[in-house]
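All residue numbers for the sequence shown refer to my numbering, where the first residue is 256 and numbers rise by one.
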Amino acid sequence: MTARCVQHELGRFHGAQHNLTPVSPSGPPRSDVTGRPVEPRPLDLDTFFAPKTVAVIGASDNPRRPNTAMTKKIRGWAQQAGADVFLINPNRDEIDGQKCFRSVLDVPADVDLAAVLVGDAVPALEQVIEKKAKFAVVFAAGFAEVGKDGERLQARMQDLIAASDLHVLGPNTNLNAFETFQPDLPGKAIALITQSGHQGRPIFQGQEIGIRLSHWAPTGNEADLEFADFCAYFADQSDVGAIACYIEGFKDGRTLMLAADKAAQAGVPIVVIKVGRTDEGRKMAKAHTGHLTGSDAVTSAVFRQFGVTRVDGLDELLEVSAAFARTKPPAGDGVCVYSISGGTGAHMADMAAAAGLRIPPLTKETQERLHEWIPPYLRVSNPVDNGGAPSGDSRGRKILDAILADPNVDLLVCPITGALASMSNRLAQDLVDVAATTDKAVFVVWGSPVGDEEAYRDVLLKSDVPVFRTFANAVKAATAYFDYHAFRSKYRSPFAKPALKA
């Protein structure tokens with residue numbers, strides 16, 4: 256499918272890159288002559304993620320009500336963020352010693368973010384709009400995901416929002432926007448966008464194995480705020496190295512492309528699980544969040560046009576995103592497989608080559624140097640088999656330095672399947688140390704299913720070296736890594752502002 260067909264099918268904006276109408280940076284987004292935007296809409300999402308005032312509408316301390324746990328979670332998050340919290344409950348004077356207000360209109364301060372916990376969300380939103388709050392989160396379900404009546408209710412909500420300055424996350428969302436993160440983990444962060452709370456949970460738990468996250472946007476039914484809004488925002492954040500997404504359907508093809516274009520220009524990779532390849536997936540997505548999944552062929556074409564990496568499993572989503580966040584662009588596309596076992600090296604190289612990765616021979620000079628530390632009967636051309644013993648002493652680091660100095664190598668992949676402490680402990684430390692001295696990417700595959708070994712737990716996971724639990728995920732990440740950077744080296748935005756003729 257051509258780029259023109261993609262643009263017509265998803266966004267109907269053929270020719271949008273021409274005849275642009277400039278506006279001031281603080282005004283609405285630039286548009287073409289038809290009035291269609293050619294850049295993401297400007298939103299103050301800094302305030303959404305770091306509000307100074309939070310109103311909790313429907314606050315509770317009744318142990319039999321779900322609002323109680325939600326109130327506690329939001330209060331804790333807001334207090335940790337340094338925000339003032341106002342509790343709204345017309346039937347209570349106080350909750351846990353904190354004053355309750357009868358209405359959000361009674362709050363004696365401007366409201367940056369209103370958390371709407373009540374089931375009858377539309378009347379509550381009317382008051383939030385009257386209060387001139389900036390953002391709201393609506394948790395209630397029963398909207399577009401339940402059929403025609405719910406669709407009409409969601410349309411009413413959308414009309415209210417469109418006529419105001421309020422922006423809304425949800426409905427049918429969850430508490431994931433109110434999670435806290437570990438900022439002291441190494442490397443750049445993953446920003447997460449999901450249309451399902453549970454599907455994002457394994458990515459969030461990546462922090463437990465040292466993978467840094469910075470944001471989580473659970474967009475739900477996307478009555479207002481959508482994937483594209485958060486994607487464009489995350490592409491602007493200096494600490495975000497990749498955007499990981501679980502998506503059931505895109506609200507608008509044009510906004511998808513505008514956001515993906517912004518991320519491509521910024522060099523922030525997007526990694527996506529997108530459901531809807533089958534009738535079963537499409538039906539479940541509609542019942543879950545009310546999203547129409549759309550044509551999978553068109554979606555795939557858009558992903559190719561804008562360099563979006565598509566994966567299938569949550570393990571892939573986590574590990575491929577982390578690899579992007581922790582690596583720099585390569586100078587070429589050469590892969591070297593280095594192992595302490597000939598069988599391991601053969602297996603890894605076979606899978607890599609079958610996926611189309613290039614495994615070039617090392618230079619003659621490099622091979623001669625490697626045989627200073629590796630027995631002459633072992634292969635060192637690529638893959639490199641050190642036989643095991645050199646990994647336990649100073650030879651291991653010298654081998655790694657020599658491989659990474661080779662001009663034919665742009666990525667080193669080291670699969671460790673024999674997790675014997677006598678070999679793996681020093682090898683893991685050498686890999687972490689050498690990765691810190693080079694701009695070339697170093698991938699490690701930890702083959703033990705146990706995962707509590709010292710080399711894995713205390714060395715690899717505490718570093719910013721990409722670590723994989725399967726050969727397949729390492730190959731997927733390496734392929735995505737080279738494909739993305741090859742794409743970006745040639746990328747030209749279809750929305751770029753045209754140069755003025757002299």
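Backbone N, C-alpha and C fix where the C-beta goes; we use that ideal spot for every residue, glycine too. Here the structure is a predicted model, which is why all the values come from computation and not from measurement.
> Taking only runs of the alpha helix (DSSP H) that begin and end inside the segment 570 to 647, which ones reach a length of at least 4 residues, in chain order?
Replying inline: 597 to 609 and 619 to 625
> Is it true that the segment 302 to 317 meets the segment 495 to 505, where meeting means three or more beta-carbon pairs spaced less than 8 Å apart?
Replying inline: Contact between the segment 302 to 317 and the segment 495 to 505 is absent, with fewer than three C-beta pairs closer than 8 Å.
> Relative to the alpha-carbon of Val697, which residue among Ala676, Pro721 and Ala487 has its alpha-carbon at the smallest distance?
Replying inline: Pro721
> Who are the near neighbours of Ala519 in its chain, counting only those whose CB is closer than 6 Å to its CB and skipping five residues on each side?
Replying inline: Contacts found: Phe561, Gly562 and Tyr746.
> Going by the beta-carbon positions, is the gap between His602 and Phe742 smaller than 8 Å?
Replying inline: no
> In chain order, which continuous runs of the beta strand (DSSP E) of length 3 or greater are located wholly inside the segment 311 to 373?
Replying inline: 339 to 343, 353 to 356 and 368 to 371
>> Within the continuous beta strand (DSSP E) that includes Lys529, where are the two ends?
In response: Looking at the DSSP string, the run of the beta strand (DSSP E) that includes Lys529 is Ile525 to Lys529.
> Out of curiosity, what's the CA-to-CA distance linking Lys443 and Asp414?
Replying inline: 39 Å
> Rounded to the nearest angstrom, how far is the Cβ of Gln450 from that of Tyr501, given a contact under 8 Å?
Replying inline: 6 Å
> Val377 and Arg411: beta carbons closer than 8 Å?
Replying inline: yes
>> Once the 5 residues before and after Asp348 are set aside, which same chain residues still bring their CB inside 8 Å of it?
In response: Lys354 and Cys355
> What number of angstroms, rounded off, separates the C-alpha of Gly568 from the C-alpha of Val639?
Replying inline: 30 Å
>> I need the DSSP call for Ala396, collapsed to helix, strand or coil.
In response: Ala396: coil per DSSP, three-state reduction.
> Roughly how many whole angstroms lie between the Cα atoms of Leu368 and Phe341?
Replying inline: 10 Å
> Does the distance from the CB of Thr693 to the CB of Leu666 come in under 8 Å?
Replying inline: no
>> Give me the DSSP bridge partner(s) of Tyr501.
In response: Under DSSP, the beta-bridge partners assigned to Tyr501 are Thr449 and Ile528.
> Excluding the five sequence neighbours on either side, which residues of its own chain have a C-beta within less than 6 Å of the C-beta of Thr510, listed in chain order?
Replying inline: The residues Ala483, in chain order, have a CB closer than 6 Å to that of Thr510 in the same chain once the five nearest residues on each side in sequence are set aside.
> The alpha helix (DSSP H) spanning Leu715 covers which residue range?
Replying inline: Counting along the chain, Leu715 falls outside any alpha helix (DSSP H), and DSSP gives it neither H nor E.
>> Beta-carbon within less than 7 Å of Glu294's beta-carbon, same chain only, minus the 5 sequence neighbours each way: which residues are those?
In response: Only Pro284, Arg285, Leu513 and Phe750 meet the Cβ criterion.
> Excluding the five sequence neighbours on either side, which residues of its own chain have a C-beta within less than 6 Å of the C-beta of Gly587, listed in chain order?
Replying inline: Asp665
>> Please classify Asn427 as buried or exposed, where buried requires at least 16 other C-beta atoms within 10 Å of its C-beta.
In response: buried
> Where do the N-terminal and C-terminal ends of the beta strand (DSSP E) with Pro378 fall, by residue?
Replying inline: Premise fails: Pro378 lies in the alpha helix (DSSP H), Ala376 to Glu385, not in any beta strand (DSSP E).
> What three-state label does DSSP hand Pro457 in the structure shown?
Replying inline: DSSP places Pro457 in helix when its eight states are reduced to three.
> So who's on the other strand from Cys669, going by DSSP bridges?
Replying inline: Val699
>> If I follow the unbroken alpha helix (DSSP H) through Val689, where does it start and stop?
In response: Ala676 to Ala690
> Contact between the segment 673 to 687 and the segment 709 to 716: three or more CB pairs below 8 Å?
Replying inline: The segment 673 to 687, when compared against the segment 709 to 716, does touch it at the 8 Å Cβ threshold.
> Which two residues bound the contiguous alpha helix (DSSP H) that contains Leu659?
Replying inline: Arg650 to Ala660
> For the candidate residues Gln460, Leu715, Ala432 and Asp439, whose alpha-carbon lies nearest to that of Ile448?
Replying inline: Ala432
> Taking all protein chains shown into account, do 16 or more other C-beta atoms lie within 10 angstroms of the C-beta of Ala417, making it buried, or fewer, making it exposed?
Replying inline: exposed
>> Measuring only the C-alpha atoms, how far is Ala391 from Val362?
In response: 15 Å
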